[in-house]
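Read top to bottom, the protein sequences are chains V and L.
The first sequence lines up with residues -15 to 518 when you count with the numbering used here.
The second sequence lines up with residues 442 to 721 when you count with the numbering used here.
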Amino acid sequence: MAFTLAAMAAATASMAFALDGQITIHDPSTVVFCDGKYYTWGTGGTPLVSDDGWTWRAGTRPLRTGAAPDVIHIGDKYFMYIAGGGPPGPQPPAPSQYRAYITMIWSKSLDPQSPDYKWNDGGVVASSNGLEDSWAIDPGAFLDPTTHRLWLTYGTYVGYIRLVELDPKTGKRLDPNSKPYNLSINGEASDMFYHDGWYYLLQTRGSCCASSNSGYNIRMGRSRKVTGPYLDNDGTDMIEGGGKLLITGDERRIGAGHFGLMDLGQGVYKFSFHWEADLDRGGASVLEIRPLLFRNGWPVAGENFKEGTYEIQSVRTGTSLEMAVEGQPVGGGRGGRGGGGAGRGRGAAGGPPAQAPDAAGRGAQADAGRGAQADAGRGGGRGPGGGGGGMFGGSGTPIPDQQASQVDSNWPAGEVPVRMANYMLQAQQKWTIAPAPNGGGYPGSPYFKITIAGTDRTLAVGPDQELVVLPSFSGAPEQLWRIDEVAEGEWRIVPKSAAGSKEPLALSALGASFATLEKYDPSSEKMRWQIKLP
Amino acid sequence: MITLRRYSTLATAALAGCAFVAAAAAQSAPPAAHKAAPAAAKSASAGKAEAAKSASAAPAPKFPVTLVKPVGPTKAPRLAGGWIQRWLVLDPISSSGLTQKVVQEEVKKEYFPGQFTTIPKDGDKVTAAHQPLPAAPGAARGTPPQYGDVELTWHAEDTLDYNLNLYHLFFPLKKPTTNVIFYVVTLIDCPQDIPNVRLAIGSNAASVWWLNGEELIGLYNDRQTVQDDGVSKRITLRKGQNILRAAIVNAGGATDFCARFLDEHDKPLHGYTITLNPEK
């Protein structure tokens, strides 16, 4: 099923975009990166591959297929764990349907075109005998970054979610006779990760495999030890039914399951999972990628960016990005006070009181009102809603939003610098952010173009690696923007190309009135932006 | 030992900061009330008596002292923050607005010969044309101002703070600080080329900044002096002297500015000196 960006944009204005291309899958393995491509496999071996994490296509089935595989990259090997296969040779009759095996295969590459692409059989790493309180399916691999020990969780609603230790060099069970740890109940599709002192156990709860009638949702607990106990936000142990929600159905998609962490570096985390039913795709089960954020020590499902018209405000300075042209007050404004004498701090402490504009209209905003809308704000207080009249009474009638077409006659025709200013709802401060046709993408989203609302004037990177607004959009990489949520409501804005820079640069509020591009620092508020409805 | 300004009796720069705070408090409250505050826990009558005694002994309010005359040929940027604290400041020139269009037009007018090229000395005088003249004695209120040539003086100043407070400089000189332009200049002396730096400034209110004749920053409209409000593109400070000029435009109220350079890591730049003596 092919979905073009244009069609999606028309149909889903102000909505999140699902991934593009061939994305039908169920129980996807954690999305992993290998030699410039992203890979995932689902139940039955469904293979998906992508060059950018946004547009996907069918890939190549691995050596072995089964239910709900997971993949992890350690050193020069990719280990795939699959619920399927089993020990060689004939087996005695199963005492129940819950006898199962999790097996491992590995390859040095995931790219079938690579000479290193060759799946090797690693044998059984976990199992359930059909009588014990476990059903060994849905593996999830986890490499502890603090100890470099490799772990595997597995299990479903039949019995416990369990944990066994593997050998990170071979991917095999470290001690086949060791007793598994019981971590949780009431879930399946478990996985783990470590962040900032906590181990997180994620599992999927609810019913699956019924399209829009699936109640799948991803729940979690956390522990200071990899072996648990894993408690939820209420302190309830997951082995007694606890579990804090990470994500459930939203907008046009139902049933979230099979979490997989994507650490994209520089403090940017995302997670892969599947929706049981994408209503825009006829209820198909599809791959999804979302930002993974943290609040008070708990993971939070972030949002992929939604197209619309916005103010772009610096978290650091509180000032907003604007095209550097003379602003016109919305509705025309009025003179205002003549000075900044009320300002705080030592610079202002010795100053005299502020003065009203003089008779010649020399106030701070005196000239701003001379533009096309100069008359609109006069006569304050004459209307019925004027609040009593006088200089603070307003006009008595609503003031419409300022449109670029009302004020752009004074804007330069060519390139215009970019700066930041207090947000005053002016046309040069409003940006329309929309998917760039044929612009490609990144994990979870298409690249965006950022234009002054109502115009084709385009935010771009200039040859000196500084920001500029170009007269029109051409689709060049310097005009394409990656927008990732990196904290709740806070976004990182990165150009696809930055005039030959060898390292990724991000939009940075270096000054209160000046933005530039700098190497991304996840700890700096300079590079975090609130993208707010205007 | 620092040579203090003409209206200062304080002996050290450190004391100047105390005087600033005391003077600010004195401006916001009567001296008696200010002095009486510690006595609040005592009985009302005793407190009143002590307050009255304190009031009679209270010194007259002093104007804040944040500026001193430069001593020595060079000065390093302030250790904390890398602020440029040595400037030549010209008496104010009349202006009429803070918008981008008006500021750009007015700061680029030539009011006196050599305005954009010369490096003045402390006390140098220039004559600016078409400036409002002081009202004639006995002139009726509302009488339109007369215009003519006005002699303006350059002042060499070291600020004790991160910023240079223009009101502190010109109020005692009975010069206007409302609807005016202040031209300032200083020399940045570098031992070698320093690439990938940025000029970072704040100003109350609008300002335009030039380095070696190239316009780097323009800030417009009513605004307060925020550190690193305006930041330039990446530039190279060349070996030897670099001429840093600015025009600060004020409409009313407080007026001041601050400036520093940031290195390639956005940290305050050091490793250069500031002088007001042009190289031969």
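Positions of the beta carbon are idealized from the N, C-alpha and C atoms, including for glycine.
Next item on the list: Scan the stretch 492 to 517 of chain V for residues whose Cβ lies nearer than 7 Å to a Cβ of chain A and list them as they occur along the chain.
Entry: Looking at the structure shown, chain A is missing, and the protein chains on hand are V and L.
Check: To which residues of the same chain is Pro518 of chain V closer than 7 Å at the C-beta, ignoring the five residues directly before and after it?
Finding: The residues are Thr293, Tyr294, Glu295, Leu409, Lys414.
Next item on the list: Check the Cβ of Asp392 of chain V against every Cβ in chain L and list those closer than 8 Å, keeping chain order.
Entry: Asp392 of chain V does not reach chain L, its nearest Cβ partner there being about 15 Å away, counting only Cβ pairs nearer than 8 Å.
Notebook entry, point to check: List, in order along the chain, the chain L residues whose C-beta lies closer than 9 Å to that of Asp448 of chain V?
Noted result: Neighbours of Asp448 of chain V on chain L, chain order: Lys674, Arg675.
Notebook entry, point to check: Name the DSSP bridge partner or partners of Ala647 of chain L?
Noted result: Answer by DSSP bridge pairing, in chain order: L:Val690.
Check: Between Tyr200 of chain V and Gln97 of chain V, what straight-line distance do the alpha-carbon atoms span, to the nearest angstrom?
Finding: The alpha-carbon atoms of Tyr200 of chain V and Gln97 of chain V are separated by roughly 36 Å.
Next item on the list: Report the residue ranges of all alpha helix (DSSP H) runs contained in full by the stretch 657 to 719 of chain L; include only those spanning at least 4 residues, in chain order.
Entry: Here no run is fully enclosed.
Checklist line | Where Leu660 of chain L meets chain V, residues with beta-carbon distance less than 8 Å | finding: Those are Ser497, listed as they occur along chain V.
Next item on the list: With distances taken Cα to Cα, identify the nearest neighbour of Gly241 of chain V among V:Ser207, V:Gly315, V:Asp175, V:Thr220.
Entry: Comparing Cα positions, the closest option is V:Asp175.
Item checked: Backbone CA spacing between Phe289 of chain V and Asp4 of chain V [nearest angstrom] -> Going by the C-alpha atoms only, they are around 14 Å apart.
Next item on the list: Kindly indicate which three-state DSSP category Tyr200 of chain V falls into: helix, strand or coil?
Entry: The answer is coil: DSSP assigns Tyr200 of chain V none of H, G, I, E or B.
Checklist line | For Gly124 of chain V and Ala173 of chain V, the rounded distance between their alpha carbons | finding: Approximately 7 Å, taken between the alpha carbons.
Next item on the list: Would you identify the three-state DSSP class for Thr27 of chain V, choosing helix, strand or coil?
Entry: DSSP, reduced to helix, strand and coil, places Thr27 of chain V within a helical segment of the structure shown.
Notebook entry, point to check: Whole-angstrom Cβ separation of Gly69 of chain V and Ala51 of chain V, contact assumed at under 8 Å?
Noted result: Gly69 of chain V to Ala51 of chain V, Cβ: 11 Å. No contact.
Margin query: Any C-beta of chain V within less than 7 Å: which residues of the stretch 631 to 662 of chain L qualify?
Written below: Cβ contacts with chain V come from Ala641, Asn645, Ala646, Leu660, Asn662.
Notebook entry, point to check: If we call anything under 8 Å between Cβ atoms a contact, is Val672 of chain L one with Val548 of chain L?
Noted result: When the beta-carbon positions are compared, Val672 of chain L and Val548 of chain L stay at least 8 Å from each other.
Margin query: Based on DSSP bridge pairs, tell me the residues matched to Phe498 of chain V.
Written below: Answer by DSSP bridge pairing, in chain order: V:Gly495.
Item checked: Any C-beta of chain V under 8 Å from that of Pro471 of chain L -> With a pLDDT of 32 at Pro471 of chain L, under the threshold of 50, the predicted position of this residue should be treated as unreliable, though the coordinate-derived value follows. Taking 8 Å as the CB threshold, Pro471 of chain L stays off the interface with chain V.
Margin query: Against chain V, with Cβ distances strictly below 8 Å, would Gly523 of chain L count as a contact?
Written below: With 8 Å as the cut-off, Gly523 of chain L does not count as an interface residue toward chain V.
Notebook entry, point to check: In its own chain, which residues sit with a C-beta less than 7 Å from the C-beta of Ala471 of chain V, not counting the 5 before and 5 after it?
Noted result: Hits under 7 Å: Leu277, Arg512.
Margin query: Please identify the residue among L:Phe553, L:Leu605, L:Thr515, L:Gly583 whose C-alpha is closest to the C-alpha of Thr696 of chain L.
Written below: With distances taken between Cα atoms, Thr696 of chain L lies closest to L:Leu605.
Next item on the list: Thinking Pro527 of chain V and Gly398 of chain V are a contact (beta carbons under 8 Å), I'd like their distance in whole angstroms, please.
Entry: Examination of residue 527 of chain V is not possible in this model, given that chain V is present from -15 through 518 alone.
Checklist line | Selection from V:Gly377, V:Asn161, V:Lys156 that minimises the alpha carbon distance to Gly317 of chain V | finding: Selected option, being the one with the closest Cα: V:Gly377.
Notebook entry, point to check: From this set, V:Ser93, V:Ala84, V:Leu127, which residue's C-alpha is nearest Val109 of chain V's C-alpha?
Noted result: The residue with the shortest Cα to Cα distance from Val109 of chain V is V:Ala84.
Notebook entry, point to check: What residues in the stretch 666 to 697 of chain L have a beta carbon less than 9 Å from any beta carbon of chain V?
Noted result: Of all residues in the stretch 666 to 697 of chain L, only Thr666, Val667, Gln668, Asp669, Asp670, Gly671, Val672, Ser673, Lys674, Arg675, Asn691, Ala692, Gly693, Gly694, Ala695, Thr696, Asp697 place a beta-carbon less than 9 Å from a beta-carbon of chain V.
Check: In the stretch 216 to 251 of chain V, which residue ranges form an unbroken beta strand (DSSP E) of at least 3 residues, counting only runs that do not cross its ends?
Finding: 228 to 231, 237 to 247, all fully within the stretch 216 to 251 of chain V.
Notebook entry, point to check: Per DSSP, which one or two residues make a beta bridge with Val400 of chain V?
Noted result: V:Val453, per the DSSP bridge assignment.
Check: Beta carbon of Phe522 of chain V, beta carbon of Met246 of chain V: below 8 Å?
Finding: Residue numbering for chain V in the displayed model covers -15 to 518; residue 522 of chain V lies beyond these limits and cannot be assessed.
Item checked: Reference Thr220 of chain V; option with closest CA among V:Ser207, V:Leu451, V:Leu464, V:Trp475 -> Looking at the Cα atoms, V:Ser207 is the closest of the given residues.
Check: In chain order, what residues of the same chain lie with their CB nearer than 6 Å to the CB of Ser536 of chain L, ignoring the 5 residues before and after it?
Finding: Excluding five sequence positions before and after Ser536 of chain L, the CB atoms of its chain that fall closer than 6 Å to its own CB belong to Glu547, Asn620, Val621, Ile622, Val690, given in chain order.
Checklist line | Nearest-angstrom Cα separation, counted from Thr558 of chain L out to Ala797 of chain L | finding: This structure does not reach residue 797 of chain L, given that chain L is present from 442 up to 721, and the question cannot be answered.
Next item on the list: Give the straight-line distance between the Cα atoms of Gln571 of chain V and Tyr431 of chain V, rounded to the nearest whole angstrom.
Entry: Chain V is shown from -15 up to 518; residue 571 of chain V falls before or after that span and cannot be answered.
Item checked: Neighbour list for Asp707 of chain L in chain V, Cβ cutoff strictly below 7 Å -> Ordered by position in chain V, the residues that pass the 7 Å Cβ test against Asp707 of chain L are Leu494.
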